[in-house]
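Residue numbers (this note's numbering), protein chains in the order written: chain Z, 1 to 699; chain H, 1001 to 1066. By construction, the Cβ of each residue, glycine as well, lies at the ideal position given by its N, Cα and C atoms.
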Amino acid sequence: MKQRHNNFSLFITQLLIGFICLMLSFNLKAIQADKNHKNIQDETKIVIFHINDVHSHIDNFAKITKLVEEERKINPNVFLMNAGDNFTGNPIVDHYVPKGEPILELMNRLKLDIQVIGNHDFDYGQTILKSFIKRANFPIICANVKVYGGVISQPEPYVILKTKKGLKIAILGLIQIDEDTQIPSTLPKNIERLVFPNGIEVAKRFRYLKKRSNIFIGLSHLGYEDDEILAKEMPELDIIIGGHSHTIIENPKETNGVLITQAGAYGEYLGKIVITLKNGQIIKKRGELIDLNSFKKENPEIKALIAKYNDNPELNQVLTKLTKPLKGNSELGSLMTDAVKNILGFDIVFQNSGGIRMNKLEGEVTIKDVYTLFPFENEIVQFKMTPAEIRTLIKFDYEHHKHTDLMVSGIKYIVKHTITNEVKAIELINEKGKFLDESKTYNVGLNSYVASVYKFSHKDPGRSLKTGITDTIMQYLRQKRDLTIYSGIQRTFEELIHEGGLTKIGKTEVEISAGNDPFGTSTTAGNLIADAMRCSTRVNIALFPSRLQKRNYKIKEGEVIFKEMIPKLYSYVDKNRVITGYMKGSDLKQFILKRSQFRNNIDLQISGMKYKIYCDSEGKVVSVECHLANEEKIVDSLTYTVAFNAYDLNKYYYIYNKVKERSVSKKNLYEILYTYIKGVGVISSSISEKRVEIIRSKK
Amino acid sequence: MKVKVNGREIEIFNGALVKDALLKYSKEEYKFIRDKKKTVVDKRNNKRFLGGELSAGESLFIKNKN
Chain Z
1 MKQRHNNFSL FITQLLIGFI CLMLSFNLKA IQADKNHKNI QDETKIVIFH
51 INDVHSHIDN FAKITKLVEE ERKINPNVFL MNAGDNFTGN PIVDHYVPKG
101 EPILELMNRL KLDIQVIGNH DFDYGQTILK SFIKRANFPI ICANVKVYGG
151 VISQPEPYVI LKTKKGLKIA ILGLIQIDED TQIPSTLPKN IERLVFPNGI
201 EVAKRFRYLK KRSNIFIGLS HLGYEDDEIL AKEMPELDII IGGHSHTIIE
251 NPKETNGVLI TQAGAYGEYL GKIVITLKNG QIIKKRGELI DLNSFKKENP
301 EIKALIAKYN DNPELNQVLT KLTKPLKGNS ELGSLMTDAV KNILGFDIVF
351 QNSGGIRMNK LEGEVTIKDV YTLFPFENEI VQFKMTPAEI RTLIKFDYEH
401 HKHTDLMVSG IKYIVKHTIT NEVKAIELIN EKGKFLDESK TYNVGLNSYV
451 ASVYKFSHKD PGRSLKTGIT DTIMQYLRQK RDLTIYSGIQ RTFEELIHEG
501 GLTKIGKTEV EISAGNDPFG TSTTAGNLIA DAMRCSTRVN IALFPSRLQK
551 RNYKIKEGEV IFKEMIPKLY SYVDKNRVIT GYMKGSDLKQ FILKRSQFRN
601 NIDLQISGMK YKIYCDSEGK VVSVECHLAN EEKIVDSLTY TVAFNAYDLN
651 KYYYIYNKVK ERSVSKKNLY EILYTYIKGV GVISSSISEK RVEIIRSKK
Chain H
1001 MKVKVNGREI EIFNGALVKD ALLKYSKEEY KFIRDKKKTV VDKRNNKRFL
1051 GGELSAGESL FIKNKN
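Pasting the structure below:
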């Protein structure tokens, strides 16, 4: 019985223990479950992706989409922000109809959460910006703009975004103001009836957003330098997502407790900020940049969309039809400078010849042609200048190039110089044929390259108008003006002042010059120099680079040639020695083809030989046909004696070793030409011969 | 406006970009950066794109690529 009692007691005890264990287990699970619940509620990870200064570059959007999509799959708290400047920088987008449409479509597809207006977002004008804002599926904010009857509506200064669990992110938008003009860097006409107070001062009025949010972000298009000032003055901000200065902040750091970040530009980087909050308070924030050029995954749909946009037929849009072709720097430079002068209202505009990258415009002129004519992203810079200051610009140009290289609108100018290129006087003549008023200040436009590189006097520091040259040329061409006025136009002149005794060495029956189109055909100067080289070095073939001929200098038909005139015919480089040697016909042809392809035109003047280069329907050089002067074909396997300009041969490393048994002439080009002209006595019309020709297929 | 490139003060037009200041400083150095043989950074050692906007008083430094 006792045993049975004991067994019963044991059973009860075991039952109790089991019950207690079960209860304990339930309790533990309940405690664990409660803790987990608290974790979810209390600690939240928010990811903010950001881009800025896309400037119409769309190629990396398929990668951005992929990265954001992947993060959204694993985290419900993902945001994407844009710190402004969508437009200007890629003709594919900038000339889409309507302008900028690809960017809008891509950003809507990306499900962008918010954007601040950047200065270049005004570049297409307020009407287009208004349409962009209206059709964007995301808010576009800006705190430091006041709309007084402008086309756009007053933007919201800030927006508060919420996570699914109700955490609040306040985002304040700020735009850069130029210190000089007190407006954002864009054309003033694009921001009429808008007033822009100082961004940092305005931001301080929104300190209260700190209390109304869990995260307070400055979405800034102020530029990195001002972002730092903003951080110092406004520690209420948790993060500044920046733009405008195109700064690549690979490892974002805190200033005054504010994390400042910026993702370079052109969609080459995607910024990623990870913020951890506990009980609604930020406990950790860190940023990084993802280099999109090294990231390979892409969203296929967006990739296909981008490919469609890149095939923009608008670039073939015809702007005007020329009844007469425009050739050479003088005609094309006059057209380009007139465009800037007339569209932007300057008195005088200058353009360096080096920036004119076509030798001829003919027939239908398309948007693509204008980008080929001037492929640079240079902006137009305005200076208020006196005639004396303008002369310092022209003098620098002349002394630097040894010829008048600056093309001009609004005036004609004459450089009076000695045989040694010393400038003695510069005459500036207005469109009415009168000298400029020396007491007056003129509104002068330069491209930003000239404004930066040329050394000239100017009391006015100058200002970029934040508009490009290509756009103004397009606007000008669309105006359907009479462009035949440019045929044969000449606005820059050189006048040689004879000082002291000159030494006569010969006479010429034809004008000796590089002509209007030194890259478009043989020139009398090019033929003469190449002939002199060939004769002096006794080779089969001599080649002289078209670019070393001096433009805007001519020895007139029937004129006496003085030895002092010789240096005016070519640019002085590397003492202009001549290298001679032996070369296979195949290598010679290959060299001429390569140089023609590089220039997409005639790069070499020649003696002892003739050649024709052929272009495809796109205008690209594809083949070359070479004959000796006696019409015999150049044979690939035969070897020819050749003479090159030493500077150029040394530069063309790919051909250097193809020239065998090289030797350098004792005479330099000056001595070669001097001896040749003196020996010949009279330069005959044989230098007018057309030795090189470019055959362009019709479009 | 005035900016500094490698410690040298450069006076450049208002609204100039990084490339404008570099061109004014040295055309050769600009070409190295354009051709990605060198880089340009700000005072915090952050790389800058050539098309970036400048503000008065900024300092730029040209660095050899690692």
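Quick check: is the beta carbon of Z:G558 nearer than 9 Å to any beta carbon in chain H? By this cut-off, Z:G558 is not an interface position.
What separation, rounded to the nearest whole angstrom, lies between the Cα atoms of H:D1042 and H:F1032? Rounded to whole angstroms, H:D1042 to H:F1032 spans 17 Å at the Cα level.
Through-space distance from Z:L277 to Z:I31, alpha-carbon basis: Low per-residue confidence applies at Z:I31: pLDDT is 37, beneath 50, and the placement is therefore not dependable enough to give any value.
From H:M1001 to Z:G223, what distance separates their C-alpha atoms? Distance between the alpha carbons of H:M1001 and Z:G223: 16 Å.
Is there at least one Cβ from chain Z nearer than 9 Å to H:G1007's Cβ? Residue-level contact by beta carbon fails for H:G1007 and chain Z, as no gap is shorter than 9 Å.
Go to Z:I131, then tell me how far its beta strand (DSSP E) extends in each direction, as first and last residue. Strictly speaking, residue 131 of chain Z in this sequence is Ser, with Ile absent from that position. Membership of Z:S131 in any beta strand (DSSP E) is not indicated; the residue belongs instead to the alpha helix (DSSP H) covering 126-135.
Using the C-alpha atoms, what's the distance from Z:K612 back to Z:V624? Rounded to whole angstroms, Z:V624 to Z:K612 spans 6 Å at the Cα level.
How many angstroms separate the CA atom of Z:I561 from the CA atom of Z:R691? If I take the Cα positions, the gap works out to 24 Å.
Identify whether Z:S452 lies in helix, strand or coil by the three-state DSSP scheme. Z:S452 falls in the helix class under three-state DSSP.
I want to verify the contact list: residues of chain Z whose CB lies under 9 Å from the CB of H:F1049, in sequence order. The answer, in chain order, is D53, S245, H246, T247, I248, G264, A265, Y266, E268.
If the cut is a Cβ gap below 7 Å, which residues of chain H does Z:E225 touch? One finds S1055, E1058 in chain H with Cβ atoms closer than 7 Å to the Cβ of Z:E225, taken in chain order.
By alpha-carbon positions, which one of Z:I634, Z:K594, Z:N630 ends up nearest to Z:C615? Residue nearest to Z:C615 within the set Z:I634, Z:K594, Z:N630 is Z:K594 (criterion: CA-CA distance).
Z:V365 and Z:L477 look like a contact to me (Cβ under 8 Å); what is the Cβ gap, rounded to whole Å? Contact flag correct, Cβ pair sits at about 6 Å.
Beta carbon of Z:D238, beta carbon of H:N1014: below 9 Å? No, the pair does not count as a contact, with Cβ atoms beyond the cut-off.
So, Z:I260 versus Z:I48, is the Cβ gap smaller than 9 Å? Judged by beta-carbon spacing, Z:I48 lies beyond the 9 Å limit of Z:I260, meaning their Cβ atoms are not closer than that value.
9 Å Cβ cutoff met for Z:Q475 and Z:I343: Cβ atoms of Z:Q475 and Z:I343: closer than 9 Å.
Taking Z:L326 as the reference, which of Z:H401, Z:G445, Z:S464, Z:I485 has the closest Cα? Nearest option by C-alpha distance: Z:I485.
Runs of alpha helix (DSSP H) wholly within the segment 177-238 of chain Z (minimum 4 residues, chain order): Along the length of the segment 177-238 of chain Z, whole alpha helix (DSSP H) runs at least 4 residues long occupy 199-204, 224-233, reported in chain order.
Roughly how many angstroms separate the alpha carbons of Z:R491 and Z:E431, rounded to a whole number? The alpha-carbon atoms of Z:R491 and Z:E431 are separated by roughly 10 Å.
With a threshold of 8 Å on Cβ separation, who are the neighbours of Z:P98 within its own chain once the five nearest residues in sequence on each side are excluded? I128, S131, listed in sequence order.
When the distance is taken between beta carbons, is Z:G150 closer than 9 Å to Z:E174? Note on residue identity: the sequence assigns Leu, not Glu, to residue 174 of chain Z. Cβ distance not < 9 Å, so Z:L174 and Z:G150 don't count as in contact.
Pick helix, strand or coil for Z:M474, following the three-state DSSP scheme. DSSP, reduced to helix, strand and coil, places Z:M474 within a helical segment of the structure shown.
Tell me, please, whether the CB atom of H:E996 is closer than 9 Å to any CB atom in chain Z? The shown model of chain H, from 1001 to 1066, leaves out residue 996 of chain H, and the question about it has no answer.
According to DSSP, simplified to helix, strand and coil, what is H:L1017? Correct three-state label for H:L1017: strand.
Are any of the Cβ atoms in chain H nearer than 9 Å to that of Z:E379? True, the Cβ-Cβ gap to chain H drops below 9 Å.
When you compare each of Z:K667, Z:I414, Z:N421 to Z:K434 by their alpha carbons, which one comes out closest? Closest in alpha carbon position to Z:K434, among Z:K667, Z:I414, Z:N421, is Z:I414.
Quick one: what's got a C-beta closer than 7 Å to H:T1039's C-beta in the same chain, skipping five residues either side? Excluding sequence neighbours, H:T1039 sits near I1033, K1047, K1063, K1065.
Quick check on Z:C142: does DSSP put it in helix, strand or coil? Looking at Z:C142 - three-state DSSP - the assignment turns out to be coil, as it is neither helix nor strand.
Within 8 Å: the Cβ of Z:I302 and any heavy atom of the ligand NAP? For the ligand NAP, the structure offers nothing, since it holds no ligand at all.
Three-way DSSP call (helix, strand, coil) for Z:G585 in this model: Here Z:G585 sits in helix by DSSP.
Checking 9 Å against the spacing of the C-beta atoms, do Z:D121 and Z:F87 come in under that value? Cβ atoms of Z:D121 and Z:F87: closer than 9 Å.
For a contact meaning CB atoms closer than 9 Å, what does Z:K466 contact in chain H? By Cβ distance, chain H contributes G1015.
Can you tell me whether Z:G526 is helix, strand or coil according to DSSP? Assigned with DSSP and collapsed to three states, Z:G526 falls in helix.
Among the residues of its own chain, which have a CB less than 7 Å from the CB of Z:A62, if the five just before and after it don't count? Within the same chain, Cβ atoms closer than 7 Å to the Cβ of Z:A62 are found at E298, N299, I302, K303, I306, the five residues on either side in sequence being excluded.
DSSP three-state call for H:E1058: helix, strand or coil? H:E1058 falls in the coil class under three-state DSSP.
Which ranges does the beta strand (DSSP E) cover as unbroken runs of at least 3 residues, wholly within the segment 1016-1052 of chain H, from first to last along the chain? Runs found: 1038-1042.
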